[in-house]
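See below for the structure under consideration.
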Amino acid sequence: LFMAKRYKTSQDFNYMRWSGFIQDNLAFDSIGLVITGGVRINYNFLNNEFLVSPRLQFSWKPKWQKDVVFRGATGVYSQPPFYREMRNLDGTVNLDVKAQKSYHAVGGLDYNFKALGNRPFKFTTELYYKYMWDLVPYEYDNIRIRYFGKNNAVGYAYGAEFRLYGDIVRDAESWISLGLMKTAENLSDDMAIVKSKVTGDDSTSYAPGYVPRPTDSRISFGLFFSDYLPRNKNFKVHLNGLYSTGLPFGPPDNQRFGDTLRIPSYKRVDIGFSALLLDGARKDRPRFSYFKNVKSMWFSLEVFNLLGIQNTLSYLWIQDQSSSRTYAVPNRLTARLLNVKLVTRF
């Protein structure tokens, strides 16, 4: 058995960038409106690219009886290339790669309210849309990210996030969250070839169009719950849960339209216990204690992935030389992990 791909390359070059930004706030206290505007400037000496990225955001708190804050933001963002983005799949470094760019539009709100016996709760939501151009496509090879080394794609991403914070148990914060997202990209120079099922010789070609990006996880759900002993808040317990749908993947063959398979969904449950061993705020603390300069000391015991679920991180592609077939072998994350921690604050 051999690895499906092997690489060996070297490159030497100098990379220097100059950047700066200007930002200012406008506050209209009479109507509860705050506007923040700015611009970021970036110059890359390697490819002589000059970037100007304006941004604008606002927050508005109406004078209502309910505590509601509306938020919005828009702007142009750019990500100048680093070495990994400039290196293509065969190891050649393209020094002319431009910055990846995107236009963002975001809107949301924060709502603070009381419930369950006058306990504080907060609901936040956010809707977003992002259009991207000059993208550098990439694919996963085992656990490595390998870029195509050229700006040959455009893409988009849109979705929504919802989160509810609250003291389900008084003075113990808990939250629940839900995220929805879709992101895809369209490569300008890709072409799919389909052979005839009848003769096997004839073939047709077509442009695949938009394909899911490697980060296209459609649904994510999170839950965090904390509690403590009824008569002693120095002993706490927390429970954390996470679920997300699988990411797209395919063989590392420089054909993004073939990444139509999905990694199994990610599922994880953690539990943790903590105890306050030393509280510097206690009035009955001895004056000449060895720990007189310690503000607090917490001991915690956590079990990550409590249920021992075998989550898949990526796939290792192995080629069988006798049959020329390639097999995907899953790389598993840690099944269960015990973590012991002592946190001291001075």
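Taking this note's numbering, the leading residue of the sequence shown gets -4, the next gets one more, and so forth.
All residues carry an ideal CB built from backbone N, CA and C; glycine is no exception.
Practice task
Just tell me which of 88, 70, 161 has its CA closest to the CA of residue 114.
Solution key: 161
Exercise for the section: Out of 156, 117, 324, 237, point me to the one whose CA is closest to residue 124's CA. Expected result: 156
Practice task
Determine, using beta carbons only, whether residue 177 and residue 154 come nearer to each other than 8 angstroms.
Solution key: yes
Exercise for the section: Within the same chain, show all residues whose beta-carbon is closer than 8 angstroms to that of residue 305, passing over the 5 residues directly before and after it, in chain order. Expected result: 327, 328, 330
Exercise for the section: Within the same chain, show all residues whose beta-carbon is closer than 6 angstroms to that of residue 140, passing over the 5 residues directly before and after it, in chain order. Expected result: 133
Practice task
Throw me the rounded Cβ distance for the residue 53 and residue 29 pair, which I believe falls under 8 angstroms.
Solution key: 7 angstroms
Problem - Neighbour-count burial assignment, residue 47, 16 or more Cβ in a 10 Å radius - result: exposed
Problem - 8 angstroms CB neighbourhood of residue -4 in its chain, flanking five on each side removed - result: Confidence in residue -4 is poor, its pLDDT being 49 and thus under 50, which makes the residue's placement unreliable; the coordinate value appears in the next sentence. For residue -4, where only same-chain residues beyond five positions count, the Cβ hits under 8 angstroms are 313, 314, 315, 316.
Handout entry: Cβ-based neighbour list, residue 120, same chain, cut-off 8 angstroms, excluding 5 preceding and 5 following
Key = 103, 104, 155, 156, 157, 158
Handout entry: At least 3 beta-carbon pairs within less than 8 angstroms: the segment 203 to 214 vs the segment 232 to 251
Key = yes
Handout entry: Spatial neighbours of residue 224 in its chain, beta-carbon cut-off 7 angstroms, leaving aside the 5 residues before and after
Key = 230
Handout entry: residue 16 in three-state terms, based on DSSP
Key = strand
Exercise for the section: May I ask you to report which of helix, strand or coil DSSP gives residue 285? Expected result: coil
Exercise for the section: Please name the residue or residues paired with residue 118 in a DSSP beta bridge. Expected result: 106, 159
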